[in-house]
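Here the protein sequences line up with chains A and B, keeping their order. Note that our numbering gives residue 126 to position 126 of the first sequence, counting from 1, and the numbers run on in steps of one. Each position in the second sequence, counted from 1, maps to that position plus 369 in our numbering. All C-beta atoms, glycine included, are put in the ideal place defined by N, C-alpha and C. Since the structure is predicted, the reported quantities are computational estimates derived from the model, not experimental observations. See structure below.
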Amino acid sequence: MSRSVPLTVLAGGIALLAGLAIQIISADAVWSPSYGLAAALLASSYLLAIVWRHGAAAAFLLLAIVHLAAIPLIGHIGHGEGEMGPAYWALLISGWLAAWTSVTRLTAAARSVPPSARQAINLLIPFVFGVWLILIWEAVTRGAGIPQVLLPAPSAVWAKLIASLPILWADFVQTFMKAVIAGYVLGCGIGFGTAILVDRSPFLKRGLMPVGNMVSALPIIGVAPIMVMWFGFDWQSKAAVVVIMTFFPMLVNTLEGLSASSAMQRDLMRTYAASYSQTLLKLRLVEALPFIFNALKINSTLALIGAIVSEFFGTPIVGMGFRISTEVGRMNVDMVWAEIAVAALAGSAFYGSLVLIERTLTFWHPSNR
Amino acid sequence: MTDIQATDAASGAGGTAEDDAFRVIEARELCLTFETNDGPVHALSNVDLTVDRGEFVSFIGPSGCGKTTLLRVIADLEKATAGTISVNGMSPEEARRKRAYGYVFQAAALYPWRTIAGNVALPLEIMGLDKAERAERIARNLELVNLSGFERKFPWQLSGGMQQRASIARALAVEPDLLLMDEPFGALDEIVRDHLNEQLNQLWDRTNKTVIFVTHSIPEAVFLSTKIVVMSPRPGRVHDVIDCNLPRERTLDIRETPEFLEIAHRVRDGLRAGHAYDDE
Ligand SMILES: Nc1ncnc2c1ncn2[C@@H]1O[C@H](COP(=O)(O)OP(=O)(O)O)[C@@H](O)[C@H]1O
Ligand SMILES: [Mg+2]
Chain A
1 MSRSVPLTVL AGGIALLAGL AIQIISADAV WSPSYGLAAA LLASSYLLAI VWRHGAAAAF
61 LLLAIVHLAA IPLIGHIGHG EGEMGPAYWA LLISGWLAAW TSVTRLTAAA RSVPPSARQA
121 INLLIPFVFG VWLILIWEAV TRGAGIPQVL LPAPSAVWAK LIASLPILWA DFVQTFMKAV
181 IAGYVLGCGI GFGTAILVDR SPFLKRGLMP VGNMVSALPI IGVAPIMVMW FGFDWQSKAA
241 VVVIMTFFPM LVNTLEGLSA SSAMQRDLMR TYAASYSQTL LKLRLVEALP FIFNALKINS
301 TLALIGAIVS EFFGTPIVGM GFRISTEVGR MNVDMVWAEI AVAALAGSAF YGSLVLIERT
361 LTFWHPSNR
Chain B
370 MTDIQATDAA SGAGGTAEDD AFRVIEAREL CLTFETNDGP VHALSNVDLT VDRGEFVSFI
430 GPSGCGKTTL LRVIADLEKA TAGTISVNGM SPEEARRKRA YGYVFQAAAL YPWRTIAGNV
490 ALPLEIMGLD KAERAERIAR NLELVNLSGF ERKFPWQLSG GMQQRASIAR ALAVEPDLLL
550 MDEPFGALDE IVRDHLNEQL NQLWDRTNKT VIFVTHSIPE AVFLSTKIVV MSPRPGRVHD
610 VIDCNLPRER TLDIRETPEF LEIAHRVRDG LRAGHAYDDE
């Protein structure tokens, strides 16, 4: 069955032909050179997909043509914002299926290339996925004329983002650089320290764990206003909320990690007459690293959410959460999305750098080697 | 016939002060009972054992007869519930604190985040040796187990036999007079095992260390030992102690000689009798 045409190619080809047919027969179709160019590029990509099926070179050429086609595909919308009909949607679906085909081919080709190239391909695939998510979002919002308040087009969000860089930066500094970082470092640090103490003392384990459990179950909506009363309107109260949110995951994970070393490894340290701190540093904490990083990763997300949401409950007139809540009230949804984009970017960068550090520190772990 | 005393086979019971200086292990009426959910497990019952300096003593017996447990009691990884035991004239705990022994576990138990050299360095770091001394001991002991050139490899990049050799180098690096080895070659194939047996025999012969060695294999025990302690299960106890006076310097060829086969035969009989006793 390897000679048969893959389903994505078949469906994409049909969508392309259907789009062209509708474009020709319907009276109110929007015409532009872009439409023709996009259709021609997609047609050639499907031809290529049928005649040259294997290898990295074919996959990359396909990928290039598909993304070239995306330019006129979006450009065509400019000739009739909000007036795109079935002929356009068929073309868009065809383009998406072509991209899907190219990614499938790329994945298949990745098996037969050297590891370094494979890593690059593995990075490329989610990137292509993200590009098409934004392309379709752009095409649907502008092509179908979806109201700005409901969902602004990515291009509109981008324009707003560029225009409001100083404000966004100030918000970022207030929320991320101050509240998130301070709260995260404190929360994770205290959680870690407590775990070391609890590990040494069974009494603390019995007394503290239920309390910690309860603290972690506190709703952020209830805690945030109280923290504002205790620590004031500025970032300190937000950092306090972040401390409360990040403390417990770190405590629990570190405790679990501290008991991850095997009995034989601990016996080995005993035969060397190693002291408590030597066993802790040279064995147990190293074994705990994957667990500790797990907590660090979970907490990076929690900290951002906590800091943003707690700004809804009183804040000086700066901050990402403050901006989101006020701009929603003013129907400036593009600004809200610009803040969301900044938060997503900061969150991903935070998480990503933790993953990189984790990989270098736990290279020895069976899951990484 | 319950407890043939290991002492009888050694230098004679009682012992003068002079004897004591050469006595590495002295156990009397040693008992260890594990309290489990299914009731008590008598892992060791009235075990008597003496080991003198420079001896190579093997514990042999079916699994579950308490070989590991006895070794762990000597190493102070387990506490006896009754009886007395001394290691180098001290309590096992004192001996452990003085780093009197090196312990080789059934699995290599190397730390995956340390290189081979780093693993051998671990006990030396804990002992607080300086860098030059550590480097010297690492090089010497890796050489001893034929692992020179693998210093910078990580354990998971080495075969099982090489890992086990690295763990032996790690135990030797502490430079203990007493080596405790729990089926160190159990997981290895026959050829690697033969080779390591020869190396271990040479090592013992050259360094005059005392070795206590747990094994399942009769030829291995006879080839390596000066004394074979045959154990039997339920309750774990010493069934017989067999002297093994082959020349100190041996090659694997010795396994074909009548003397060797005679001792192997006695060990096998001992193991059978231990089982028969168990069946009554
Ligand atoms: N930690 C423990 N808890 C309970 N029972 C144990 C424990 N360790 C060993 N045993 C039991 O003690 C007996 C002797 O075990 P072991 O010394 O490991 O035997 P061997 O090494 O000769 O195979 C076995 O029955 C075993 O199940
Ligand atoms: Mg055992």
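Open item on the list: Quick check on residue 1 (chain A): buried or exposed, where buried means 16 or more other Cβ atoms within 10 Å of its Cβ?
Closed with: Your numbering for residue 1 (chain A) matches position 1 in the first sequence. Any reading at residue 1 (chain A) is ruled out, since the residue's pLDDT is 41, under 50, leaving its predicted position unreliable.
TODO: Just the chain A side, please: which residues come within less than 8 angstroms of residue 491 (chain B) by C-beta, in chain order?
DONE: Sequence index remark: in the second sequence, residue 491 (chain B) carries index 122 (1-based). 272, 282, listed in chain order.
TODO: Using the Cα positions of residue 409 (chain B) and residue 452 (chain B), report the straight-line distance between them to the nearest angstrom.
DONE: Sequence index remark: in the second sequence, residue 409 (chain B) carries index 40 (1-based). Sequence index remark: in the second sequence, residue 452 (chain B) carries index 83 (1-based). If I take the Cα positions, the gap works out to 17 angstroms.
Task: Three-state class that DSSP yields for residue 492 (chain B) in the structure shown - done: For this step, residue 492 (chain B) is matched to residue 123 along the second sequence. Helix.
Task: Environment of residue 276 (chain A) [buried if 16+ CB atoms lie within 10 Å] - done: Walking along the first sequence from the start, residue 276 (chain A) turns up at place 276. Classification for residue 276 (chain A): exposed.
Task: CB contact below 8 angstroms: residue 481 (chain B) versus chain A - done: Within the second sequence, numbered from 1, the residue matching residue 481 (chain B) stands at position 112. Cβ-Cβ to chain A under 8 angstroms: yes for residue 481 (chain B).
Task: Range covered by the beta strand (DSSP E) that runs through residue 425 (chain B) - done: Position 56 of the second sequence, counted from the start, is the residue given in the question as residue 425 (chain B). Unbroken beta strand (DSSP E) run through residue 425 (chain B): 425-429.
Open item on the list: Under 8 angstroms, Cβ to Cβ, is there at least one residue of chain B near residue 1 (chain A)?
Closed with: The residue labelled residue 1 (chain A) in the question sits at position 1 within the first sequence. Since pLDDT at residue 1 (chain A) reaches only 41, below the 50 mark, its modelled position is unreliable, and no value is offered.
Open item on the list: Just verifying my parser: in three-state terms, what is the DSSP assignment at residue 319 (chain A)?
Closed with: In the first sequence, the residue the question calls residue 319 (chain A) occupies position 319. Of the three classes helix, strand and coil, the one that applies to residue 319 (chain A) here is coil, per DSSP.
Open item on the list: Using a Cβ-based criterion (distance less than 7 angstroms to any ligand heavy atom), does residue 467 (chain B) qualify as near ligand 2?
Closed with: Counting from 1 along the second sequence, the entry for residue 467 (chain B) is found at position 98. Residue 467 (chain B) Cβ: outside cutoff for every heavy atom of ligand 2.
TODO: Output, in chain order, the set of chain B residues within a Cβ distance shorter than 7 angstroms of residue 369 (chain A).
DONE: Position 369 of the first sequence, counting from 1, holds the residue named residue 369 (chain A). Per Cβ cutoff of 7 angstroms: 525.
Task: Given 8 angstroms, three or more beta-carbon pairs between the stretch 34-46 of chain A and the stretch 12-19 of chain A - done: yes
Open item on the list: Let me check understanding here. Comparing Cα to Cα, which of B:583, B:620, B:550 lies closest to residue 268 (chain A)?
Closed with: For the purposes of this step, residue 268 (chain A) is identified with residue 268 of the first sequence, where counting begins at 1. The shortest Cα separation from residue 268 (chain A) among B:583, B:620, B:550 belongs to B:550.
Task: Collapsed DSSP secondary structure at residue 67 (chain A) in the structure displayed - done: Reading the first sequence from its first residue, position 67 is the one you call residue 67 (chain A). Reduced to three states, the DSSP call for residue 67 (chain A) is helix.
Open item on the list: With a threshold of 7 angstroms (Cβ to nearest heavy atom), would residue 402 (chain B) be considered close to ligand 1?
Closed with: For the purposes of this step, residue 402 (chain B) is identified with residue 33 of the second sequence, where counting begins at 1. It does not: the Cβ of residue 402 (chain B) is nowhere closer than 7 angstroms to a heavy atom of ligand 1.
TODO: Give me whichever residues DSSP pairs with residue 399 (chain B) in a beta bridge.
DONE: Translated into positions along the second sequence, residue 399 (chain B) becomes position 30. Its beta-bridge partners are B:416.
Open item on the list: Taking only three categories from DSSP, how would you classify residue 408 (chain B)?
Closed with: Position 39 of the second sequence, counted from the first residue, corresponds to residue 408 (chain B). Correct three-state label for residue 408 (chain B): strand.
Open item on the list: At a cut-off of 7 angstroms, would you count residue 437 (chain B) as near ligand 2, judging by its Cβ distance to the nearest heavy atom?
Closed with: As a working mapping, residue 437 (chain B) is identified with position 68 in the second sequence. Yes.
Task: Cα-Cα separation, residue 82 (chain A) to residue 141 (chain A) - done: Here residue 82 (chain A) refers to the residue found at position 82 when the first sequence is read from its first residue. Here residue 141 (chain A) refers to the residue found at position 141 when the first sequence is read from its first residue. Looking at the two C-alpha atoms, the distance is approximately 8 angstroms.
TODO: May I ask you to check if the CB of residue 188 (chain A) is nearer than 7 angstroms to at least one heavy atom of ligand 1?
DONE: Numbered from 1 along the first sequence, position 188 holds the residue referred to as residue 188 (chain A). Result no, Cβ not under 7 angstroms from ligand 1.
Open item on the list: Let me see if you follow: with CB-CB separation under 8 angstroms, is residue 554 (chain B) close to chain A or not?
Closed with: For the purposes of this step, residue 554 (chain B) is taken as the residue at position 185 of the second sequence. Taking Cβ atoms only, chain A never reaches closer than 8 angstroms to residue 554 (chain B), which makes this a no.
Open item on the list: Let's see if you can read the secondary structure: which residues bound the beta strand (DSSP E) around residue 131 (chain A)?
Closed with: What you label residue 131 (chain A) is simply residue 131 of the first sequence in a count that begins at 1. Looking at the DSSP string, residue 131 (chain A) is not in any beta strand (DSSP E); the run it does join, the alpha helix (DSSP H), is 115-143.
Task: Nearest-angstrom Cα separation, counted from residue 337 (chain A) out to residue 347 (chain A) - done: Along the first sequence, read from residue 1 onward, the residue named residue 347 (chain A) stands at position 347. Along the first sequence, read from residue 1 onward, the residue named residue 337 (chain A) stands at position 337. Computed Cα separation, rounded: 15 angstroms.
- [ ] Compute the distance between the beta-carbons of residue 109 (chain A) and residue 55 (chain A), then report whether it is under 8 angstroms.
- [x] One-based indexing of the first sequence puts residue 109 (chain A) at position 109. One-based indexing of the first sequence puts residue 55 (chain A) at position 55. Yes, Cβ-Cβ distance for residue 109 (chain A) and residue 55 (chain A) is below 8 angstroms.
TODO: Take the Cβ of residue 203 (chain A) as the centre, count every other Cβ of all protein chains shown within 10 Å, and call the residue buried at 16 or more, exposed below.
DONE: Here residue 203 (chain A) refers to the residue found at position 203 of the first sequence. Exposed: under 16 other Cβ atoms inside 10 Å.
Open item on the list: Any beta carbon from chain B within less than 8 angstroms of residue 258 (chain A)'s own beta carbon?
Closed with: Working through the first sequence from its first residue, we reach residue 258 (chain A) at position 258. With 8 angstroms as the cut-off, residue 258 (chain A) does not count as an interface residue toward chain B.
Open item on the list: Looking at the secondary structure, which residues open and close the beta strand (DSSP E) in which residue 611 (chain B) lies?
Closed with: Translated into positions along the second sequence, residue 611 (chain B) becomes position 242. First-last of the beta strand (DSSP E) with residue 611 (chain B): 606-612.
Open item on the list: Rounded to the nearest angstrom, what separates residue 519 (chain B) and residue 271 (chain A) at their Cα positions?
Closed with: To locate residue 519 (chain B), count along the second sequence from 1; it is residue 150. To locate residue 271 (chain A), count along the first sequence from 1; it is residue 271. Computed Cα separation, rounded: 25 angstroms.
- [ ] Would you check if the stretch 580-596 of chain B and the stretch 626-646 of chain B touch, i.e. whether three or more CB-CB distances between them fall below 8 angstroms?
- [x] yes
TODO: Show which residues of chain A have a CB atom less than 9 angstroms away from the CB atom of residue 466 (chain B).
DONE: By one-based count along the second sequence, residue 466 (chain B) stands at place 97. Neighbours of residue 466 (chain B) on chain A, chain order: 273.
TODO: Check each candidate in A:53, A:92, A:123 and name the one with the smallest Cα separation from residue 138 (chain A).
DONE: Looking up residue 138 (chain A) in the first sequence gives position 138. When only C-alpha atoms are compared, the closest one is A:92.
Open item on the list: Taking the straight line between their C-alpha atoms, what separation do you get for residue 126 (chain A) and residue 59 (chain A)?
Closed with: Looking up residue 126 (chain A) in the first sequence gives position 126. Looking up residue 59 (chain A) in the first sequence gives position 59. Between residue 126 (chain A) and residue 59 (chain A), the C-alpha separation is close to 16 angstroms.
Task: Range covered by the alpha helix (DSSP H) that runs through residue 529 (chain B) - done: Position 160 of the second sequence, counting from 1, holds the residue named residue 529 (chain B). Unbroken alpha helix (DSSP H) run through residue 529 (chain B): 529-542.
Open item on the list: If you reduce the DSSP assignment to three classes, tell me which class residue 453 (chain B) lands in.
Closed with: Within the second sequence, residue 453 (chain B) is the residue found at index 84, counting from 1. Strand at residue 453 (chain B).
Open item on the list: Let me confirm a value: residue 529 (chain B) is counted as buried when at least 16 other C-beta atoms fall within 10 Å, else exposed. Which label applies?
Closed with: One-based indexing of the second sequence puts residue 529 (chain B) at position 160. Looking at its Cβ environment, which holds fewer than 16 other Cβ atoms inside 10 Å, residue 529 (chain B) is exposed.
Task: Buried/exposed call for residue 333 (chain A), threshold 16 Cβ in 10 Å - done: Position 333 of the first sequence, counting from 1, holds the residue named residue 333 (chain A). By the 10 Å Cβ count, residue 333 (chain A) comes out buried.
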